[in-house]
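Numbering (this note's numbering), first residue to last: 5 to 161. Read through the structure below, which is laid out as structure tokens, and then see the notes.
In structure tokens:
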């Protein structure tokens, strides 16, 4: 068995202790091992997805972290074709929550999401995938609109 050591904030340690008590864990190692296993299982769901998807990427960060906002903005601009919408929420004087709705090839959405979540300064991150199929390309022409070539995404059932 391999031994791994890592540091955590006092608040995180308190949350872990509370989790251990409420779920009847005898020690931190068992609790952390199960939580890590759950995280790895959750990640494999997204990593096994093929084809097209829509996804929500949510993450929390401290906006005072040196150049993090600049790095995030550059990453977003480099992948503007994946993004449908972004919502930015100020949680307190230091922390922000961003939720990004993405659409594209699952492997590219996954790679982009992992890059954002792994940025130094992101404190929490999660991505949720919905597999979709793409309808045929077409336009809708109305009295007030010349129409634009587009396709519809249909959730897979």
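Every residue, glycine too, gets a C-beta built ideally from N, C-alpha and C.
| Item | Value |
| --- | --- |
| Cβ pair count under 8 Å reaching 3, the region 58-70 against the region 94-111 | yes |
| Limits of the beta strand (DSSP E) - the one that residue 65 falls within | 56-66 |
| Residues bridged to residue 108 (per DSSP) | 57 |
| Close beta carbons around residue 79, own chain, < 7 Å, minus the five adjacent residues each side | 119 and 120 |
| Outcome for residue 8 when other beta-carbon atoms lying within 10 angstroms are tallied against a minimum of 16 | exposed |
| Exposure label - residue 86; buried when at least 16 CB within 10 Å | buried |
| Local conformation of residue 21 per DSSP, three classes | helix |
| Cβ contact check for the region 125-142 and the region 62-69: 3 or more pairs under 8 Å | yes |
| Beta-carbon proximity check, residue 158 vs residue 143, cutoff 7 Å | no |
| Buried or exposed by the 16-neighbour rule on C-beta atoms within 10 Å, applied to residue 117 | buried |
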